[in-house]
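Colleague:
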Amino acid sequence: MRNKITLLLFGLIFSSTLFGQKFSMKILGGLTSSQISGDGIYGFAQFGGILGAETSYKIKDHLSASIGLQFNQKGARNYQSSSVYSAYRLRVNYLEVPFTLNYQIDRFTINPGLYFGVKINQKERNTFGAIEPYHEFKPFDFGLQLGVAYTINDNWDVEGRFQNSILPVRNHANEQAYPPALFVFGTWHQKMLSQGQFFTSLSLVLKYRI
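With numbering that gives the first Met the number 0 applied, the sequence shown covers 0 to 209.
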């Protein structure tokens, strides 16, 4: 798996160099905060890392398209307290390929698009140790991505990102679905959540232009 990731990253770098001015290359790294719908645990309490690269093609002034490759850690977490009997921690690691259109307005760039993720592994624990047998996640995660980036200088950008699955990443353990607080937008949304569990994540990344 590591060798495949390395080859893909080198492929992105090579394509950027080969086609000159129309293409640009960035490496990126940062933090992801995430939650999952349907587990009864609320809030973006699980933090993880995000690391990868992206190459962009300039379509015209102020408009470009990007494809990337990134390692992204998602999950969910709560802490044991007087009102919570058992602590819980879920970690799911993904290799993701995001596709975005990028519209630049002065120093800001709006980046809407889609992402496709392949599950690498998952870990699930509570106060008493690893949960076995664990509730298996599906092998893929497909969803929407929206970013807003700010250009600091010729080499550095900072970007805030939002991701949300549009297909369930895991079936519900039982018939009862717990919607995430503040993220139910009507009966249509509740019907979607009843189909399974969905990841929602927020990321803050730094990008370095090569």
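For every residue, glycine included, the Cβ atom is placed at its ideal position computed from N, Cα and C.
#1: Once the 5 residues before and after W155 are set aside, which same chain residues still bring their CB inside 8 Å of it?
#2: Per DSSP, Y114 forms a beta bridge with which residues?
#3: Distance, Cα to Cα, F139 vs L166?
#4: So what does W155 bridge to, in DSSP terms?
#5: Judging by CA-CA distance, which residue of I104, I58, A44, Y93 is the nearest neighbour of F70?
#6: Which class does K137 belong to by DSSP, given the choice of helix, strand or coil?
#7: Let me confirm a value: Q194 is counted as buried when at least 16 other C-beta atoms fall within 10 Å, else exposed. Which label applies?
#8: Please identify the residue among R90, K73, R169, E53 whose C-alpha is closest to the C-alpha of T99.
#9: Within 10 angstroms of the Cβ of A129, are there 16 or more other Cβ atoms? Answer buried if so, exposed if not.
#10: So for T186, helix, strand or coil by DSSP?
#11: Rounded to whole angstroms, what is the Cα-Cα separation between D153 and L113?
#12: Which same chain residues, not among the five before or five after L62, have their C-beta less than 8 Å away from its C-beta?
#13: Let me make sure I understand the geometry here. Which of A75, T126, S23, S200 has the alpha-carbon closest to that of L145?
#14: Evaluate Q34 with the Cβ neighbour count: other Cβ atoms within 10 Å of its Cβ, from every protein chain shown; 16 or more gives buried, anything less gives exposed.
#15: Would you kindly work out how many angstroms separate the C-alpha atoms of I119 and I109, rounded to a whole number?
#16: Taking DSSP's pairing of strands, which residues face F22 in a bridge?
#17: Going by DSSP, name the residue or residues bridged to F70.
#18: Quick one: grab the DSSP three-state call for L192.
Modeller: For this structure:
#1: The residues are L205, K206, Y207, R208.
#2: Looking at the DSSP assignment, Y114 forms a beta bridge with P97, G142.
#3: Roughly 9 Å separates the two Cα atoms.
#4: DSSP output for W155 lists Y207 as bridge partner(s).
#5: Measuring from the Cα of F70, the nearest candidate turns out to be Y93.
#6: Correct three-state label for K137: coil.
#7: Its Cβ having fewer than 16 others within 10 Å, Q194 is exposed.
#8: Per the Cα distances, E53.
#9: Looking at its Cβ environment, which holds fewer than 16 other Cβ atoms inside 10 Å, A129 is exposed.
#10: When DSSP states are grouped into helix, strand and coil, T186 belongs to the helix group.
#11: Cα to Cα, the separation comes out at about 26 Å.
#12: Same-chain partners within the cutoff: L100, N101, Y102, Q103.
#13: Comparing Cα-Cα distances from L145 to each of A75, T126, S23, S200, the minimum goes to S200.
#14: The residue is buried, with at least 16 neighbouring Cβ atoms inside 10 Å.
#15: Using only the alpha carbons, I get a separation of about 29 Å.
#16: Residue pairing for F22: DSSP places it in a beta bridge opposite Y56.
#17: Answer is L50, L94, bridged to F70.
#18: Three-state result, L192: helix.
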